[in-house]
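Enquirer: First the structure, then my questions, so here it is.
Chains as they are written, first to last, in our numbering: chain U, 185 to 674; chain W, 4 to 482.
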């Protein structure tokens with residue numbers, strides 16, 4: 185079920201009403217949440233529901249067993265079982281074809297042809313998210329950082345919690361699971377702020393991301409028809425599309441959970457204002473980057489095994505992160521670019537400041553923020569080319585086009601900046617992006633929801649009504665236009 | 004908790020009311036079919052005596068102003084392009100929510116048309132066949148709309164139910180939206196429909212040649228079982244709502260008609276015979292009576308099995324139908340709802356009226372000939388070699404500001420053909436120089452008029468839609 189669908193518009197009000205009716209009885213409430221979450225998932229394909237149940241079952245049992253045994257070998261074996269099943273499922277559904285293709289291609293390099301067909305495998309929605317969530321639970325118990333739960337219902341509800349089931353935020357059991365043991369009182373302000381966040385997420389997704397997608401899809405799906413300026417515009421628009429798409433989803437997820445009294449972790453924090461790539465990753469997909477930090481980077485040794493090893497660890501983490509996003513070389517390169525730039529940032533971290541001091545540059549003033557912000561945005565966009573392009577050849581073609589086929593005369597050419605869009609659509613995208621970033625910048629200093637609550641009734645209600653109307657009128661939807669969230673494919 | 008529920012309910016009520024209020028503005032009111040539905044909603048409840056239902060043939064074939072004028076009734080036509088009988092049935096359901104007509108006239112082309120959609124009505128999955136944007140959207144929120152949409156697209160019913168969802172992206176073309184809104188607020192939907200269907204061109208020679216050369220398949224012209232089912236449903240409604248059912252045809256192009264004559268006449272007759280079994284029904288086969296119409300009565304379109312009438316054809320057909328209604332029905336209309344303020348009402352059945360001395364004006368020239376120079380000072384003859392009629396003159400009515408009002412010319416032939424000018428009449432500053440904006444000029448293609456003697460009338464329409472008529476006592480004769 186998509187958040188931006190009519191099905192969900194009917195599903196959620198029913199769920200929320202029943203939820204608050206049964207909320208005082210934990211057992212009943214968790215049972216209801218579990219059923220609702222399974223219905224939500226089964227709406228897409230009921231067969232894959234068994235994977236979630238299976239994954240939940242394995243980690244629930246492994247968690248309990250891990251707690252009962254102190255024998256190191258047995259504990260390792262138990263952890264292995266969890267890793268084997270969770271990563272095994274992930275590997276099978278997500279990477280089998282990628283490795284078959286890579287295997288066949290590598291043979292062709294030696295002039296040999298292998299006739300191995302790829303398998304017809306459907307990627308279950310959200311598998312990368314919920315396997316990481318259950319894995320973190322088992323690993324935390326293995327590390328003695330968490331006690332397992334005996335409440336299977338709470339655990340199963342935690343794994344399948346519908347607001348964040350298919351695209352995160354990837355929650356830690358230590359944060360989310362205990363929330364299933366509590367009861368909540370209906371808090372009007374909290375519910376209202378949750379719904380506002382949902383509306384804001386829908387605005388990002390339906391008004392900005394899906395409309396930008398028209399342009400981006402046209403250019404990226406027909407690369408040979410366009411030149412450097414078109415590629416540049418499409419890549420910049422993709423940067424906003426993917427941000428609004430994914431952070432929009434996270435906002436909706438956090439907002440929905442909040443309406444039921446749950447608190448999900450923040451997943452995005454205005455990443456495009458970052459002055460370094462390190463900062464960018466502290467602001468972008470926070471739940472995944474912290475997951476990789478805690479469960480991959482630190483186990484690899486983190487920064488405690490010398491400089492060279494630190495750089496290598498960083499690089500490995502980002503290559504794996506790329507692979508997590510998708511089983512394709514383009515995603516690996518995307519991860520590698522980030523890994524490389526982060527390595528450079530880390531390597532130059534200590535020499536950068538003295539150089540700036542010598543040059544008399546104040547790194548804290550606005551113009552410097554802007555300068556470094558633009559550079560980081562440029563690097564991020566360059567990496568997005570690989571993330572979005574359909575093939576490696578396409579991404580190389582686009583990068584080449586941006587640097588060698590950039591016709592300045594096309595910058596203000598309507599035919600270039602309106603590809604697939606009508607002039608008013610283009611205006612709506614630009615105005616919405618300006619509105620979004622103004623709101624986000626203000627939100628860094630002030631709590632906008634609190635600020636809104638302090639306004640008079642007429643202003644508040646006008647705002648609520650306007651945001652609904654803006655989504656209804658300017659959003660992209662309809663039987664042919666509805667777009668899935670980009671991160672559903674991961 | 005109570006206050007929260009009240010707040011939520013209030014919020015939902017405000018949002019829903021706002022959306023429902025603006026819902027109808029998402030439809031393009033430059034579209035004739037949209038206006039036909041809007042005219043239904045604009046009419047007072049239960050004020051209409053006769054309702055005509057059909058598809059684009061009805062739209063282009065019947066002028067309700069003529070029916071109203073000649074039959075002294077309040078009539079309405081509700082149509083949408085390319086719709087089939089099942090959709091017409093739902094249109095009728097929608098009409099009956101608002102009106103209780105005494106007569107419902109069903110134009111038979113949707114039942115006769117050889118198009119597979121019109122014949123089959125439903126596909127193998129029992130989904131109603133429909134061509135794009137049709138009557139389902141033009142209806143207001145309600146049961147007929149819901150039922151029709153669930154048959155056409157059951158998966159996306161709620162998306163199609165609300166125009167603010169379905170057409171929410173109209174803002175992309177603001178020029179069109181502004182034109183549509185301007186239309187909506189300037190004149191009545193009935194008048195918009197009238198103007199939209201006033202087609203002043205006819206079949207050109209290459210189309211005529213095309214019709215001569217092309218062979219048309221007769222076997223697809225038949226009265227299918229599915230069509231029977233829906234015609235019966237309409238008959239059932241006629242009993243339930245107590246209205247008389249009139250079946251009639253609108254003429255098609257004679258060249259095409261002659262090629263498929265047997266099939267069309269037989270199918271029309273079969274339809275009538277089928278309907279007759281259930282109810283006493285009147286049937287007027289105008290097409291058969293006229294034997295189709297010649298090229299100058301038909302709108303210039305590409306060669307196909309689907310021809311529409313132009314303004315000339317519309318005048319002719321509407322007059323015939325009005326005469327038939329007068330002869331066959333003894334309607335007792337409610338005088339409260341009869342609109343006396345149309346040009347047609349003033350001119351059809353007009354009696355000699357005293358000359359209004361505050362109404363000045365003259366028809367100065369016809370095809371550059373002055374009436375003074377004509378052999379008969381009151382008549383100018385348009386010779387066989389002339390292809391157009393160009394009238395120049397002026398009109399002025401004391402107390403009416405012509406900057407805000409408009410000038411109209413009507414040419415009346417007997418009581419069965421009146422040509423009323425529209426956008427073809429333009430200001431002419433060379434005429435009536437003493438009175439600002441009083442000069443006019445109009446070019447009428449001679450073939451848009453029938454042969455015969457036409458009396459010329461001047462009409463001034465004031466800003467508040469008051470009409471002033473002046474008989475000019477001048478004639479033109481079309482050879």
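Glycine included, every Cβ here is placed at the ideal spot set by N, Cα and C.
Counting only runs that start and end within the region 547 to 622 of chain U, where is the alpha helix (DSSP H) found for 4 or more residues in a row?
Expert: Within the region 547 to 622 of chain U, the complete alpha helix (DSSP H) runs of at least 4 residues are 550 to 572, 576 to 588, 598 to 601.
Enquirer: Among residues of its own chain, excluding the 5 on either side of residue 90 of chain W, which ones have a beta-carbon nearer than 8 Å to its beta-carbon?
Expert: The count along the second chain starts at 1 and reaches residue 90 of chain W at position 87. The answer, listed in chain order, is 83, 131, 133, 137, 138, 139, 151.
Enquirer: Using a Cβ-Cβ cut-off of less than 8 Å, give me the residues of the region 153 to 168 of chain W that come near chain U, in sequence order.
Expert: Result list: 156, 158, 159, 161, 162, 167, 168.
Enquirer: At 8 Å on the CB atoms, spell out the chain W contacts of residue 213 of chain U, in chain order.
Expert: Position 29 of the first chain, counted from the first residue, corresponds to residue 213 of chain U. Residues of chain W passing the Cβ test: none, with the nearest at roughly 18 Å.
Enquirer: Give the residues of chain W in contact with residue 657 of chain U, contact being defined as C-beta atoms less than 8 Å apart.
Expert: Residue 657 of chain U sits at position 473 when you count from the first residue of the first chain. The contacting residues are 167, 171, 174.
Enquirer: Residue range of the beta strand (DSSP E) that residue 82 of chain W falls in?
Expert: For the purposes of this step, residue 82 of chain W is taken as residue 79 along the second chain, with counting starting at 1. Element bounds for residue 82 of chain W: 78 to 82.
Enquirer: Are any of the Cβ atoms in chain U nearer than 9 Å to that of residue 14 of chain W?
Expert: For the purposes of this step, residue 14 of chain W is taken as residue 11 along the second chain, with counting starting at 1. Cβ-Cβ to chain U under 9 Å: yes for residue 14 of chain W.
Enquirer: Answer with buried or exposed for residue 319 of chain W, where buried requires no fewer than 16 other C-beta atoms within 10 angstroms of its C-beta.
Expert: For the purposes of this step, residue 319 of chain W is identified with residue 316 of the second chain, where counting begins at 1. So residue 319 of chain W counts as buried.
Enquirer: Which class does residue 507 of chain W belong to by DSSP, given the choice of helix, strand or coil?
Expert: Given a span of 4 to 482 for chain W in the structure shown, any question on residue 507 of chain W remains unanswerable.
Enquirer: Comparing the C-beta of residue 7 of chain W with each C-beta of chain U, is any distance below 9 Å?
Expert: By one-based count along the second chain, residue 7 of chain W stands at place 4. So yes, residue 7 of chain W belongs to the interface.
Enquirer: Going by beta-carbon coordinates alone, are residue 206 of chain W and residue 260 of chain W separated by less than 9 Å?
Expert: Indexing the second chain from 1 puts residue 206 of chain W at position 203. Indexing the second chain from 1 puts residue 260 of chain W at position 257. Result no, Cβ atoms of residue 206 of chain W and residue 260 of chain W do not sit closer than 9 Å.
Enquirer: So who's on the other strand from residue 194 of chain U, going by DSSP bridges?
Expert: Counting from 1 along the first chain, the entry for residue 194 of chain U is found at position 10. DSSP output for residue 194 of chain U lists no bridge partner at all.
Enquirer: Quick one, are the C-beta atoms of residue 443 of chain W and residue 430 of chain W less than 9 Å apart?
Expert: The residue given as residue 443 of chain W occupies position 440 in the second chain. The residue given as residue 430 of chain W occupies position 427 in the second chain. Contact: yes.
Enquirer: Confirm, please, whether the CB-CB distance from residue 404 of chain U to residue 573 of chain U is below 9 Å.
Expert: Counting from 1 along the first chain, the entry for residue 573 of chain U is found at position 389. Counting from 1 along the first chain, the entry for residue 404 of chain U is found at position 220. Closer than 9 Å, so yes.
Enquirer: What residue range does the beta strand (DSSP E) around residue 446 of chain W cover?
Expert: Reading the second chain from its first residue, position 443 is the one you call residue 446 of chain W. Note, residue 446 of chain W: beta strand (DSSP E), 442 to 448.
Enquirer: Which residue spans inside the region 360 to 403 of chain U form an unbroken alpha helix (DSSP H) run of at least 4?
Expert: The qualifying runs are 372 to 386.
Enquirer: In this structure, does DSSP put residue 266 of chain U in helix, strand or coil?
Expert: Stepping through the first chain from its first residue, residue 266 of chain U is reached at position 82. Note: residue 266 of chain U maps to helix in three-state DSSP.
Enquirer: Between which two residues does the beta strand (DSSP E) harbouring residue 421 of chain W extend?
Expert: The count along the second chain starts at 1 and reaches residue 421 of chain W at position 418. Element bounds for residue 421 of chain W: 420 to 423.
Enquirer: In whole angstroms, what is the alpha-carbon distance linking residue 471 of chain U and residue 127 of chain W?
Expert: Position 287 of the first chain, counting from 1, holds the residue named residue 471 of chain U. Position 124 of the second chain, counting from 1, holds the residue named residue 127 of chain W. For residue 471 of chain U and residue 127 of chain W, the distance between alpha carbons rounds to 50 Å.
Enquirer: With DSSP as the reference, label residue 413 of chain U as helix, strand or coil.
Expert: To locate residue 413 of chain U, count along the first chain from 1; it is residue 229. DSSP places residue 413 of chain U in helix when its eight states are reduced to three.
Enquirer: Is the region 499 to 509 of chain U touching the region 517 to 525 of chain U, taking contact as three or more C-beta pairs under 8 Å?
Expert: Verdict: yes, contact present.
Enquirer: So, under 8 Å CB-CB, residue 251 of chain U and residue 325 of chain U are touching, yes? Tell me the CB distance rounded to an integer number of Å.
Expert: By one-based count along the first chain, residue 251 of chain U stands at place 67. By one-based count along the first chain, residue 325 of chain U stands at place 141. About 6 Å separates the two Cβ atoms, so the contact holds.
Enquirer: Would you tell me roughly how many angstroms separate the C-alpha atoms of residue 279 of chain U and residue 365 of chain U, rounded to the nearest one?
Expert: As a first step, residue 279 of chain U must be located in the first chain, where it is residue number 95. As a first step, residue 365 of chain U must be located in the first chain, where it is residue number 181. One C-alpha to the other measures close to 36 Å.
Enquirer: Apply the 10 Å Cβ neighbour rule to residue 97 of chain W and answer buried if 16 or more other Cβ atoms are within range, or exposed otherwise.
Expert: Numbered from its first residue, the second chain carries residue 97 of chain W at position 94. It is buried - the Cβ of residue 97 of chain W has at least 16 other Cβ atoms within 10 Å.
Enquirer: Over what stretch of residues does the beta strand (DSSP E) that includes residue 253 of chain U continue unbroken?
Expert: As a working note, residue 253 of chain U is residue 69 in the first chain. Taken as a continuous stretch (DSSP letters only), residue 253 of chain U belongs to no beta strand (DSSP E), as it is neither H nor E.
Enquirer: By Cβ distance below 7 Å, which residues in the same chain neighbour residue 602 of chain U in space, the five residues on each side in sequence not counted?
Expert: One-based indexing of the first chain puts residue 602 of chain U at position 418. Same-chain partners within the cutoff: 610.
Enquirer: Does residue 661 of chain U get closer than 9 Å to chain W when you measure Cβ to Cβ?
Expert: As a first step, residue 661 of chain U is located in the first chain; it is residue number 477 there, counting from the start. True, the Cβ-Cβ gap to chain W drops below 9 Å.
Enquirer: Please list, in chain order, the chain U residues whose beta carbon lies closer than 8 Å to that of residue 267 of chain W.
Expert: What you label residue 267 of chain W is simply residue 264 of the second chain in a count that begins at 1. Correct list: empty, because the minimum Cβ distance to chain U is about 37 Å.
Enquirer: Return the Cβ separation of residue 459 of chain W and residue 479 of chain W in integer angstroms, given the expectation that the two are a contact with Cβ distance under 8 Å.
Expert: Within the second chain, the letter at position 456 stands for residue 459 of chain W. Within the second chain, the letter at position 476 stands for residue 479 of chain W. Their Cβ separation, rounded to whole angstroms, is 7 Å, which keeps residue 459 of chain W and residue 479 of chain W in contact under 8 Å.
Enquirer: Give the secondary structure of residue 46 of chain W by DSSP, where H, G and I count as helix, E and B as strand, and everything else as coil.
Expert: Numbered from 1 along the second chain, position 43 holds the residue referred to as residue 46 of chain W. If DSSP states are grouped into helix, strand and coil, residue 46 of chain W belongs with coil.
Enquirer: Tell me the start and end of each unbroken alpha helix (DSSP H) in the region 459 to 491 of chain U that is at least 4 residues and wholly inside, in chain order.
Expert: Within the region 459 to 491 of chain U, the complete alpha helix (DSSP H) runs of at least 4 residues are 461 to 467, 470 to 476.
Enquirer: Rounded to the nearest angstrom, how far is the Cβ of residue 253 of chain W from that of residue 312 of chain W, given a contact under 8 Å?
Expert: Your numbering for residue 253 of chain W matches position 250 in the second chain. Your numbering for residue 312 of chain W matches position 309 in the second chain. With a Cβ gap of about 7 Å, residue 253 of chain W and residue 312 of chain W count as contacting.
Enquirer: Measure from the C-beta of residue 4 of chain W to each C-beta in chain U and report whether the shortest distance is under 9 Å.
Expert: Against the second chain, residue 4 of chain W aligns to sequence position 1. Yes - at least one Cβ of chain U is within 9 Å of the one on residue 4 of chain W.
Enquirer: Does any residue of chain W bring its CB to less than 9 Å from the CB of residue 609 of chain U?
Expert: Taking the first residue of the first chain as position 1, residue 609 of chain U is located at position 425. Chain W contact via Cβ: present.
Enquirer: Mind checking whether residue 564 of chain U and residue 586 of chain U have CB atoms under 9 Å apart?
Expert: The residue given as residue 564 of chain U occupies position 380 in the first chain. The residue given as residue 586 of chain U occupies position 402 in the first chain. Cβ atoms of residue 564 of chain U and residue 586 of chain U: not closer than 9 Å.
Enquirer: Exposed or buried, residue 12 of chain W, counting other C-beta atoms within 10 Å across all chains shown (16 or more means buried)?
Expert: For this step, residue 12 of chain W is matched to residue 9 along the second chain. By the neighbour-count rule (16 or more Cβ atoms within 10 Å), residue 12 of chain W is not buried but exposed.
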